[in-house]
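Working notes, beginning with the structure itself.
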Amino acid sequence: QKEVEQNSGPLSVPEGAIASLNCTYSDRVSQSFFWYRQYSGKSPELIMSIYSNGDKEDGRFTAQLNKASQYVSLLIRDSQPSDSATYLCAVSDSGGYNKLIFGAGTRLAVHP
Amino acid sequence: DAGVTQSPTHLIKTRGQHVTLRCSPISGHKSVSWYQQVLGQGPQFIFQYYEKEERGRGNFPDRFSARQFPNYSSELNVNALLLGDSALYLCASSSDAGTAYEQYFGPGTRLTVT
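So the protein sequences, as listed, match chains A and Z. Using this note's numbering, read the first sequence as starting at -8 and increasing by one per residue. Using this note's numbering, read the second sequence as starting at 2 and increasing by one per residue.
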């Protein structure tokens, strides 16, 4: 059973701080990794994709990947109350088609 | 450009009934995947279709079926509805079928089975 694990939270950070969200996965062969943001009652929105070891930055977001440790993280700098949402980590299945395996998500709360 | 569209937005059905959910992918995208999201959990993969052919199937019973049309839109059908089928059904669109391609979700259809 291929799994993606995330801390359910809530992760509470003050406005302006760095929020750090973590994810581990079980399938060593996975090649593609994604972070989605989901507001309550809405559908997931893709915010980052990462395929190689190291860091990838996009605005206030930085994704980090360590395939040896089977670990993916998302850093949100200068957190805003509008960043309050559930963040879903998704890992591509190694079965050869475009199946994503999702974690249960981490709820982030940014307080003013 | 329009994103992924899904219809209907909400649906209430009775146990034992049948339901059809519809999805139109982003223009130019040829792959559609369906996911089920139960409250408090991440989405679970149901099907992937690419160029009108089923490319992958998740761990769901045969009551779930889908198809993709020549214009790349897709339908998800669920027969003999159970209370446990109540969930948010998400359609995801990607430009191609491989694992590296990003998937973009539609707004979802919230199905309630009573």
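In this text, a Cβ means the ideal position worked out from N, Cα and C, and glycines have one as well.
Would N89 (chain A) count as contacting chain Z if we go by Cβ distances under 8 Å? Yes - at least one Cβ of chain Z is within 8 Å of the one on N89 (chain A).
State the start and end residues of the unbroken beta strand (DSSP E) segment that holds H102 (chain A). Counting along the chain, the beta strand (DSSP E) containing H102 (chain A) begins and ends at T97 to H102.
Cβ closer than 8 Å: which chain Z residues qualify as neighbours of S40 (chain A)? Under the 8 Å cutoff, chain Z gives E103.
Residues of its chain near A8 (chain A), where Cβ-Cβ distance is below 7 Å and the 5 sequence neighbours each way are ignored: For A8 (chain A), where only same-chain residues beyond five positions count, the Cβ hits under 7 Å are S70.
Starting from the C-beta of E103 (chain Z), find all residues in its chain whose C-beta is less than 7 Å away, skip the five residues before and the five after it, and write them out in chain order. Contacts found: S95.
Residues in the same chain with beta-carbon distance under 7 Å from Q69 (chain Z), minus the five sequence neighbours each way, listed in chain order, please. Same-chain partners within the cutoff: V33, Y50, K53 and S75.
Express the C-alpha separation of R23 (chain Z) and G43 (chain Z) in angstroms, rounding to a whole number. Separation of G43 (chain Z) and R23 (chain Z) (C-alpha to C-alpha, rounded to the nearest whole angstrom) is 21 Å.
Mind checking which residues open and close the beta strand (DSSP E) that includes V46 (chain A)? The question names Val, but residue 46 (chain A) is Asp in the sequence shown. D46 (chain A) -> beta strand (DSSP E) spans G45 to D49.
Element boundaries [beta strand (DSSP E), containing H11 (chain Z)]: Here the beta strand (DSSP E) through H11 (chain Z) covers H11 to K14.
Backbone secondary structure at L112 (chain Z) - three-state DSSP: If DSSP states are grouped into helix, strand and coil, L112 (chain Z) belongs with the strands.
Run down chain Z in chain order and give the residues with a C-beta less than 7 Å from the C-beta of S83 (chain A). Within chain Z, the residues near S83 (chain A) are T100.
In angstroms with no decimal places, state the Cα-to-Cα distance between L65 (chain A) and P26 (chain Z). About 28 Å.
Within chain A, the residues that T46 (chain Z) reaches when beta carbons sit closer than 7 Å: Contrary to the premise, residue 46 (chain Z) reads as Phe rather than Thr in this sequence. For F46 (chain Z), the chain A residues whose Cβ falls inside 7 Å of its Cβ are K90 and L91, in order along the chain.
The segment 78 to 90 of chain A contacting the segment 14 to 22 of chain A, beta-carbon criterion three pairs below 8 Å: Taking 8 Å as the limit for Cβ pairs, the verdict is that the segment 14 to 22 of chain A does touch the segment 78 to 90 of chain A.
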